[in-house]
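Notes follow once the structure below has been shown.
Numbering (the working numbering), first residue to last: 38 to 292.
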């Protein structure tokens with residue numbers, strides 16, 4: 038493994054800093070410091086709300102950054118969760134010129150990827166009106182430093198469409214697995230917290246789900262919630278959807 042770093046001036050000794058998230062150079066190992074004459078292109082990932090990640094995942098992310106090699110690249114989703122319980126890697130590329138690299142990435146890393154392309158303008162708008170995008174950027178790895186999240190500007194007609202996704206849980210309760218039920222419930226609660234101007238984080242959403250529906254979040258994930266959860270979910274969904282529809286009508290009338 039090779040890491041390129043600069044020498045920093047210290048009070049007693051000059052020093053070289055290396056990132057804690059790395060695939061080699063374990064604590065206690067001996068290394069050789071060699072000056073390089075030419076500056077090499079080094080991709081230094083930026084970590085957001087990620088304290089620890091498996092070294093093999095860092096190797097995969099490094100490969101992805103080098104394959105794409107343009108625009109702002111953001112890795113997010115279940116791939117960043119502890120362990121290897123994911124189906125694909127979610128990648129967001131912010132660029133004005135779309136270059137399809139999905140097949141090349143799949144061929145090289147042998148893992149399915151889901152790539153979303155956005156322009157800078159589309160990206161900013163998505164963060165302004167969409168709670169799920171804001172949530173995803175709370176925990177991610179990027180090849181470039183991300184700007185602070187913009188202020189929210191709810192588009193009730195847009196949210197009216199987004200909340201319909203969560204209605205699937207009501208009609209398909211007996212056929213959905215725990216992971217699917219959690220995802221639909223999370224979507225509903227993310228929209229709710231977004232409109233209430235509450236902090237959007239995985240922890241806050243899980244706490245609100247437990248509070249509103251009187252369940253343990255792990256029971257929902259494990260698909261062992263009772264019909265009492267479904268009853269509470271129906272009531273909450275119905276009232277909240279009506280609130281969004283009313284605000285959408287007002288917003289349309291004002292525009």
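From the three backbone atoms N, C-alpha and C, an ideal C-beta is built for every residue, glycine too.
Everything numeric in this text was worked out from a predicted model, so none of it was measured.
8 Å Cβ cutoff met for residue i and residue j
i           : j           : result
residue 173 : residue 108 : no
residue 129 : residue 150 : no
residue 84  : residue 131 : no
residue 261 : residue 254 : no
residue 44  : residue 51  : yes
residue 200 : residue 278 : yes
residue 116 : residue 127 : yes
residue 221 : residue 205 : yes
C-alpha distance - residue i paired with residue j, whole-angstrom precision
i           : j           : result
residue 169 : residue 63  : 37 Å
residue 68  : residue 53  : 12 Å
residue 281 : residue 192 : 10 Å
residue 166 : residue 259 : 31 Å
residue 55  : residue 177 : 20 Å
residue 112 : residue 125 : 11 Å
residue 268 : residue 210 : 11 Å
residue 217 : residue 57  : 34 Å
residue 141 : residue 188 : 36 Å
residue 155 : residue 185 : 18 Å
residue 104 : residue 90  : 21 Å
residue 203 : residue 263 : 18 Å
residue 87  : residue 179 : 12 Å
residue 94  : residue 196 : 34 Å
residue 235 : residue 248 : 15 Å
residue 240 : residue 175 : 11 Å
residue 118 : residue 232 : 27 Å
residue 65  : residue 59  : 15 Å
residue 92  : residue 290 : 53 Å
residue 198 : residue 122 : 29 Å
residue 97  : residue 106 : 14 Å
residue 72  : residue 158 : 42 Å
residue 148 : residue 49  : 47 Å
residue 214 : residue 143 : 27 Å
residue 190 : residue 120 : 36 Å
residue 47  : residue 244 : 44 Å
Residue environment, residue i, which counts as buried when at least 16 other CB atoms sit within 10 Å
i           : result
residue 76  : Low confidence applies to residue 76: its pLDDT is 49, below 50, so where it sits in the model is not reliable, and the reading given next is rough at best. Exposed.
residue 16  : As shown, the chain starts at 38 and ends at 292. That puts residue 16 outside it, with no answer to give.
residue 70  : exposed
residue 223 : buried
residue 110 : buried
residue 136 : exposed
residue 80  : exposed
Sequence-distant residues of the same chain with beta carbon closer than 7 Å to residue i, five excluded per side
i           : result
residue 266 : 250, 252
residue 227 : 168, 169, 172, 237, 242
residue 286 : none
residue 256 : 262
residue 229 : 277
residue 219 : 257, 258
Per DSSP, cross-strand counterpart(s) of residue i
i           : result
residue 52  : 45
residue 113 : 127
residue 155 : 131
residue 85  : 177
residue 150 : 126
Cβ shell of residue i (< 6 Å), same chain only, five flanking positions each side left out
i           : result
residue 100 : 146
residue 284 : 193
residue 163 : 170
residue 288 : 193
residue 183 : none
Own chain, CB closer than 8 Å to residue i, minus 5 neighbours either side, in chain order
i           : result
residue 207 : 267, 270, 271, 274
residue 212 : none
residue 181 : 83, 109, 110
residue 102 : 80, 82, 110, 180
Any non-hydrogen atom of the ligand GDP within 7 Å of residue i CB
i           : result
residue 124 : Absence of the ligand GDP is noted for the structure shown, with no ligands found whatsoever.
Neighbour flag for residue i against chain C, beta carbons, 8 Å
i           : result
residue 115 : The structure shown contains no chain C; it holds only a single protein chain.
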